[in-house]
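Following: one structure in structure tokens, then a few remarks.
Numbering (this note's numbering), first residue to last: 4 to 548.
Put into structure tokens, the structure is as follows:
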């Protein structure tokens with residue numbers, strides 16, 4: 004959807020009438036505007052604009068000094084935003100939001116890099132007082148559970164603090180596609196965020212407004228990001244992608260009190276625990292059933308956990324502090340909740356506020372690409388969860404492997420987290436990274452971003468230790484499931500060391516991607532699936548030519 008042109012018109016009118024908090028710039032360049040002497044004067048000017056606007060300034064880029072629409076090329080607009088970001092940082096401020104428009108006759112999107120695209124971009128950047136968010140505690144929680152067991156509704160109530168109407172209205176805060184809202188079923192990953200400061204939860208007033216998400220990030224001392232997955236069986240592949248492809252700290256499995264534990268519940272539980280993810284079970288919709296039914300479902304949840312050698316811990320019986328202290332790969336807290344009455348949501352708040360971060364590896368920067376976008380005036384954006392290390396605006400990186408197995412050199416233009424622009428981000432953060440030097444069409448899910456001096460080896464084949472969770476007969480040589488590893492989802496051929504694997508078996512196998520190579524490393528965990536056949540595995544060795 005194109006930005007509202009009324010925003011641009013109001014900015015131009017304010018510039019003509021007020022002047023104080025609005026600045027017109029045709030273009031900002033590194034060579035000219037960041038030169039010695041000019042940098043100091045422009046920083047002082049930006050600080051004055053912010054003070055004049057009671058902590059907020061507006062920069063209109065691509066216009067003449069008198070507010071006439073000039074329009075600049077996409078690469079010139081990107082450079083201007085880079086320069087403005089540096090000026091804001093020097094002034095103790097940050098860019099909160101950027102909206103762009105094409106001048107008359109110019110399409111709303113351009114190819115990444117802007118080399119052959121049409122000229123004519125005008126943008127309005129909102130600059131706010133305050134430095135960009137520091138990398139404080141930030142946990143990422145992946146949800147799972149059977150369809151209609153209240154995952155999205157529960158998360159919607161947590162991030163807004165609003166009670167559900169009993170018809171799933173808070174679910175709409177997360178479902179992103181019109182057909183999802185219409186049918187009440189999620190069909191892709193969606194994201195939510197809320198936080199905490201010294202006074203308690205910081206929640207969203209309007210989750211559909213980008214600036215509201217950015218406000219939560221700005222005001223919070225601690226953040227909780229949700230990766231809300233899909234409960235409907237036809238989209239299990241998407242659920243696996245959400246649980247395996249993101250760098251999650253915790254899992255949140257929902258079980259509806261009126262429906263109880265289902266086969267899908269057990270399957271999602273198996274995926275969560277097979278990836279060694281500390282998990283909380285939330286029994287939802289307790290407002291719909293009598294207390295006796297809630298107790299019955301609690302017992303069935305406990306049996307399901309013990310069946311996979313996990314120890315359930317009832318939060319109502321043992322307390323929130325015990326749940327925080329004991330949660331692990333083997334101990335699973337169980338809490339009863341209702342998005343309608345908001346019962347149990349205070350317990351989840353308390354746990355999410357205090358639970359320590361578990362994900363995030365030390366070492367060099369690494370991020371597997373989960374989604375891609377093309378943003379007018381910015382270009383190609385790769386989105387994902389940072390697996391290890393940290394990244395800064397201006398960093399030079401490698402992207403790949405491409406279809407031919409090579410890695411391409413790219414540069415970080417800017418970084419955003421929940422629509423909040425940051426200068427750097429560390430392991431565990433869900434971010435969008437705008438890249439210079441590549442078209443969005445050339446970026447694919449499953450690719451990885453690495454430091455420029457890395458020496459990656461594309462992998463087509465690897466050795467693994469696998470466990471077959473379910474299969475109607477046996478897995479033999481040449482069996483071809485889909486392997487889900489990080490954000491990779493690719494068909495692969497299995498060649499078991501002993502010739503075959505039966506349901507419940509654990510054994511060694513060679514795994515060979517069918518169509519192309521990826522970056523695979525020893526120790527990575529994966530899930531494989533084909534029809535009703537499912538299993539988990541760990542990479543034990545890389546096969547190189």
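Yeah, the Cβ is synthetic: ideal placement off N, Cα and C, and Gly gets one too. It should be emphasised that the depicted structure is a prediction, and the values quoted were computed from it without experimental measurement.
- When the five nearest sequence neighbours on each side are left out, the beta carbons in the same chain lying within less than 6 Å of the beta carbon of residue 384 are those of 376, 378, 435 and 437, in order along the chain.
- When DSSP states are grouped into helix, strand and coil, residue 439 belongs to the strand group.
- In the three-state reduction of the DSSP assignment, residue 323 falls in the helix class, which pools H, G and I.
- Beyond the five residues adjoining it in sequence on each side, residue 420 comes within less than 8 Å, by CB distance, of 136, 220, 428, 432, 433, 434 and 435 in the same chain, given in chain order.
- Annotation: residue 281 to residue 203 spans about 24 Å, alpha carbon to alpha carbon.
- For residue 355, the uninterrupted alpha helix (DSSP H) run begins and ends at 348-357, by DSSP.
- In the three-state scheme derived from DSSP, where H, G and I count as helix and E and B as strand, residue 503 is classed as strand.
- The beta carbon of residue 53 sits closer than 8 Å to the beta carbons of 24, 59, 60, 94, 96, 130, 131 and 132 from its chain, once the five residues preceding and following it are set aside; these are given in chain order.
- Its chain contains 493, 495, 514, 529 and 531 as the residues whose beta carbon lies nearer than 7 Å to that of residue 486, once the 5 sequence neighbours on both sides are disregarded; these appear in chain order.
- When 397, 451, 161 and 141 are compared, the shortest CA-CA separation from residue 81 is found for 397.
- Contiguous beta strand (DSSP E) elements confined to the segment 38-64 occur at 59-64, taking only those with 3 or more residues.
- The beta carbons of residue 527 and residue 539 sit no closer together than 8 Å.
- Per the coordinates, the alpha-carbon of residue 63 lies some 10 Å from the alpha-carbon of residue 102.
- Nearest C-alpha to residue 415 among 388, 195, 98 and 453: 453.
- Beta-bridge partners of residue 494 (DSSP): 485.
- The residues 401, 403, 404, 410, 451, 453 and 522, in chain order, have a CB closer than 8 Å to that of residue 459 in the same chain once the five nearest residues on each side in sequence are set aside.
- Non-local C-beta neighbours of residue 226 in its own chain, meaning closer than 7 Å and more than five positions away in sequence, comprise 141, 196, 198 and 220, ordered along the chain.
- With contacts defined as CB atoms closer than 8 Å, residue 286 and residue 337 qualify as a contacting pair.
- For residue 85, the closest of 295, 340, 439 and 325 by C-alpha to C-alpha distance is 439.
- Residue 358 and residue 327 have their C-alpha atoms roughly 6 Å apart.
- Between residue 302 and the set 288, 333, 263 and 293, the nearest pair of CA atoms involves 263.
- About 6 Å separates the beta carbons of residue 520 and residue 462, which is inside the 8 Å limit, making them a contact pair.
- With 16 or more other Cβ atoms from the protein chains shown falling within 10 Å of its own Cβ, residue 270 counts as buried.
- Distance between residue 76 and residue 33, taken at the CA atoms: about 16 Å.
- About 5 Å separates the beta carbon of residue 499 from that of residue 512, a gap short enough to meet the 8 Å contact definition.
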